[in-house]
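Peer 1: Here it is, the structure, as C-alpha cells.
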Amino acid sequence: MRQSDSHEVSQLNELKIDVGALVFTAHYVLAGDIIMCEQMPIYGGYAGGLEETTIVDVATTINAFVMTQATWHLDGPVHVRWGITTARETLAVAGHCAMAIEANTNLMLGNQYYTIAGPCTVMCLLETAAQAITDTASGREVLSGVAASKGVATNYTTGLEARMMAEAAYAVAGMETARVNEILDKLVAIYEKDYKNPPKGKPFQECYDVVKLVPTQEYLDVYDEAVKIMTGLGLTYWTK
C-alpha cells in the first residue's frame, strides 16, 4: 500500500479499542500513512436508544482523531435488530452526530452503507438514497458504499448502488434541512415496512454483464423505477 492509501484501524463497541489496533496505529503513524479510523455504534445495543447512541457516536468520532491520530473517521451507526445503517433511527444518529461535529470542527467524516435489501431491487436503491441524503445534508465528506444485503451475502454488491448513492447526494446538495427531513420521512416510510421480508435481489453476475462490466437492462429498469419514486418526492438531479 502507498502512504496515500487509507489504512484502517477499528475501535470496538462502545468507546473501546484493543491492543492489536494500537499496534496497527503505531505502525501507521510511524510510517506516515493516511489513517482511517472506523467505528459502528449500535443503536439499541450497549449505548441504549437514539439520544444515547448519538452521544456515543459523537464521542467515538472525536476519539478516532485523539486515540488513533486518524486522518478521517468512517462512521456507520447500525441497528441492533436489523443489522443495517439505513434504518430511520440509525439515520437520525448519523445525521445528528455529523451536524454536531461539522458545526464545531474541520474534521473529515465518512459513513458506510449497509442495506437490508439486495442488488437489483428498488428497496435497496431507496435505502441507499435515504442514507446518501442524510450524509450529504449533515455535512459528511465521504460516502462509503454500498454493502447490499447487509454486507454478508457473497457477490451481492454492484456499482449501480454506488451510482444511486452519488446521484442522491448531488440531488440534495444545498437543500434546506427542513425540506430534507420532509423527503426523508416519506422516503424511509416507503421501505421500512418491509424489513421482515426484504427482497433478496440478485448477485453481481446476474445483474451485470461480467464481460463488459455494465448493468443489465433489467437492473437499469429497476434503477429508473427508483428514480421515478425519488423524483416524486422532490429530487430533480439524475444522469441519463
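At position 168 of the sequence shown the residue is numbered 189 (the working numbering), and the sequence of numbers has no breaks.
Think of the CB as a built atom: it goes at the ideal place given N, C-alpha and C, for glycine as much as any other residue.
Note that the structure is predicted; figures quoted are calculated from it, not measured.
Near GLY131, which residues of its chain fall below 8 angstroms by C-beta distance, leaving aside the five closest residues on each side in sequence?
Peer 2: Counting from one through the sequence shown, the residue named residue 131 turns up at place 110. The answer, listed in chain order, is MET57, TRP93, HIS94, LEU95, ASP96, ARG161, GLU162, VAL163, LEU164, SER165.
Peer 1: Taking all protein chains shown into account, decide if ASP156 is buried (16 or more other Cβ within 10 angstroms of its Cβ) or exposed.
Peer 2: The residue given as residue 156 occupies position 135 in the sequence shown. Looking at its Cβ environment, which holds 16 or more other Cβ atoms inside 10 Å, ASP156 is buried.
Peer 1: Taking buried to mean at least 16 other C-beta atoms within 10 Å of its own C-beta, is TYR258 buried or exposed?
Peer 2: Residue 258 sits at position 237 when you count from the first residue of the sequence shown. Exposed, since its Cβ has fewer than 16 Cβ neighbours within 10 Å.
Peer 1: Using 10 angstroms around the beta-carbon of GLY53, count the other beta-carbons present and answer buried if the total reaches 16, otherwise exposed.
Peer 2: Sequence index remark: in the sequence shown, residue 53 carries index 32 (1-based). The residue in question, GLY53, is exposed, as its Cβ has fewer than 16 Cβ neighbours within 10 Å.
Peer 1: Between THR46 and the rest of its own chain, which residues show a CB-CB distance below 8 angstroms, the 5 nearest in sequence each way excluded?
Peer 2: For the purposes of this step, residue 46 is taken as the residue at position 25 of the sequence shown. Closer than 8 angstroms at the Cβ level, and outside the excluded window around THR46, lie VAL30, ILE56, MET88, THR89, GLN90.
Peer 1: Nearest CA to the CA of ASP10: which residue from GLN133, ALA68, MET22, CYS141?
Peer 2: The shown model of the chain, from 22 to 261, leaves out residue 10, and the question about it has no answer.
Peer 1: What separation, rounded to the nearest whole angstrom, lies between the Cα atoms of ASN34 and ALA121?
Peer 2: As a position in the sequence shown, residue 34 is number 13, starting the count at 1. As a position in the sequence shown, residue 121 is number 100, starting the count at 1. So the alpha carbons of these two residues sit roughly 21 angstroms apart.
Peer 1: Give the straight-line distance between the Cα atoms of MET251 and VAL243, rounded to the nearest whole angstrom.
Peer 2: In the sequence shown, counting from the first residue as 1, residue 251 sits at position 230. In the sequence shown, counting from the first residue as 1, residue 243 sits at position 222. In a straight line, the C-alpha of MET251 is about 13 angstroms away from that of VAL243.
Peer 1: Using the beta-carbon count (16 or more within 10 Å), is SER25 buried or exposed?
Peer 2: Taking the first residue of the sequence shown as position 1, residue 25 is located at position 4. Label assigned to SER25: exposed.
Peer 1: For ASN176, count neighbouring C-beta atoms within 10 Å of its own C-beta (all shown protein chains included) and say buried if the count is 16 or more, exposed if not.
Peer 2: Counted from its first residue, the sequence shown places residue 176 at position 155. By the neighbour-count rule (16 or more Cβ atoms within 10 Å), ASN176 is not buried but exposed.
Peer 1: If PRO98 sits next to THR107, beta carbons under 8 angstroms apart, how far is it from one beta carbon to the other, in whole angstroms?
Peer 2: Mapped onto the sequence shown, residue 98 falls at position 77. Mapped onto the sequence shown, residue 107 falls at position 86. Their Cβ separation, rounded to whole angstroms, is 10 angstroms, which puts PRO98 and THR107 out of contact at 8 angstroms.
Peer 1: Is it the case that the Cβ atoms of ILE154 and VAL193 are separated by a distance below 8 angstroms?
Peer 2: Taking the sequence shown and counting its residues from 1, the one referred to as residue 154 is at position 133. Taking the sequence shown and counting its residues from 1, the one referred to as residue 193 is at position 172. Contact: yes.
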